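Asker: Per the UniProt record's numbering, residue 1 is the first one in the sequence shown, and the count goes up by one each step. Where a beta carbon is used, it is the ideal one built from N, C-alpha and C, also for glycine. All values reported here derive from a predicted model rather than from experimental measurement. Got a structure for you, written out below as structure tokens; questions coming shortly.
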Amino acid sequence: MDLAIFDLDNTLLAGDSDYQWGEFLIDIGVVDRAAHASINDQFYADYKVGKLDIDAFLAFQLKPLSNNSRAQLDAWHLQFMQTKIQPMMTEKSRALVEKHRANGDVLLIITATNSFVTGPIAQAFGIPNLIGTVPEEVNGEFTGKVVGTPSFQQGKITRLNEWLAERGETLKDFDTTWFYSDSHNDLPLMKRVDKPVAVNPDPVLEAYAKDQDWPIISLRN
């Protein structure tokens, strides 16, 4: 049995769910465009060049969760899925997931984006396992804080090992381990699996993948 691990943003999705959640909140008037957009854009730019301050980003990104009720957030998320996420779920991405499902592989999404935003997206792909950054909840409401290690860069390895340990497994228990990603931020984990695959890669990952003779694919329609 194989383990197929997928990054989410700009890999399975033709876009970034984290960034689009911020844009969605701007669109519906929950946050001010002038105050939010420039900061959101800077964090996204920092991420792309590998200089993201994950703690500062999470403090910024999780604030709207703590400022609104869970019931309201859930209602907004349904709209977010329809307007922002579904258009980014390509036929090629769905086909790749179904190929691994038909093979009987264990399917897992691992993403730095928080699990409130990404949980319904994993469900939409029919992927039962998700590792995302976990926003703290108290009495069903978000606090704006993070539980455990953010699943970002080296943190993806930490969280993956924790998830495997809960299952009584290690990477060596699988016949083949796959990891699909677009970002050089994921190189630490890509180096740990049997079959790393660069998906619409950023320039740094593309150069590394070519040097290592890793497959490079596109999941854009």
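Using beta-carbon positions only, say whether Phe57 and Phe43 come within less than 8 Å of one another.
Answerer: yes
Asker: Alpha carbon to alpha carbon, what distance is there between Asp182 and Val197?
Answerer: Whole-angstrom Cα-Cα distance: 9 Å.
Asker: Just to confirm, are Val106 and Ser17 a CB contact at a threshold of 8 Å?
Answerer: In this structure, Val106 keeps its C-beta atom at 8 Å or more from the C-beta atom of Ser17.
Asker: Just tell me which of Val138, Pro120, Ser115, Asn67 has its CA closest to the CA of Pro150.
Answerer: Ser115
Asker: Have a look at residue 223 and Gln72 and give me their C-alpha separation to the nearest angstrom.
Answerer: Missing from the structure shown is residue 223; the chain here goes from 1 to 221 and no further.
Asker: For the alpha helix (DSSP H) containing Asn40, name the first residue and the last one.
Answerer: 33 to 48
Asker: For Pro135, which residues from the same chain have a beta carbon less than 8 Å from its beta carbon, with the 5 sequence-adjacent residues on both sides left out?
Answerer: Leu62, Leu65, Asn114, Ser115, Phe116, Phe142, Thr143, Gly144, Lys145, Val146, Val147
Asker: Count the other CB atoms within 10 Å of the CB of Asp53; is the residue buried (16 or more) or exposed (fewer)?
Answerer: exposed
Asker: Determine the closest residue to Phe179 out of Phe125, Glu91, Met190, Ile28, with distance taken between C-alpha atoms.
Answerer: Met190
Asker: For Met88, collect the residues of the same chain with a Cβ closer than 8 Å to its Cβ; drop the 5 residues on either side in sequence, then sort them by chain order.
Answerer: Leu13, Ala14, Gly15, Ser17, Gln20
Asker: Thinking C-beta only, is Gln153 closer than 8 Å to Pro188?
Answerer: yes
Asker: Residues in the same chain with beta-carbon distance under 7 Å from Ile217, minus the five sequence neighbours each way, listed in chain order, please.
Answerer: Val197, Val199
Asker: Which residue spans inside the stretch 137 to 181 form an unbroken alpha helix (DSSP H) run of at least 4?
Answerer: 154 to 166
Asker: Could you work out which residue in Leu108, Ala112, Gly140 is closest to Gly126 when comparing CA atoms only?
Answerer: Nearest of Leu108, Ala112, Gly140 to Gly126, Cα basis: Leu108.
Asker: Roughly how many angstroms lie between the CA atoms of Ser38 and Gly132, to the nearest whole one?
Answerer: 25 Å
Asker: Less than 8 Å between the CB atoms is what I'm expecting for Glu91 and Asn10, so what's the real figure, rounded?
Answerer: Not really, about 17 Å apart at Cβ, beyond 8 Å.
Asker: Just to confirm, is the Cβ distance from Lys156 to Thr177 under 8 Å?
Answerer: No, they are not a contact pair.
Asker: When DSSP labels each residue in this structure, what does Ala14 get in the three-state scheme?
Answerer: coil
Asker: Return helix, strand or coil for Leu65, following the three-state DSSP convention.
Answerer: Of the three classes helix, strand and coil, the one that applies to Leu65 here is helix, per DSSP.
Asker: Give every residue of the same chain whose Cβ lies closer than 7 Å to the Cβ of Pro120, excluding the five residues on either side of it in the sequence, and list them in chain order.
Answerer: Around Pro120: His77, Met81.
Asker: Name the DSSP beta bridge partners of Ala195, please?
Answerer: Position check: residue 195 holds Lys in this sequence, whereas Ala was assumed. DSSP output for Lys195 lists Trp178 as bridge partner(s).
Asker: Closer than 6 Å by C-beta to Leu3: which residues in its own chain qualify, once you throw out the five before and the five after it? Chain order, please.
Answerer: Val106, Phe174, Thr177
Asker: Go through its chain and collect everything with a Cβ distance to Ser69's Cβ below 8 Å, but skip five positions before and after it.
Answerer: Glu141
Asker: Taking DSSP's pairing of strands, which residues face Thr133 in a bridge?
Answerer: Asn114
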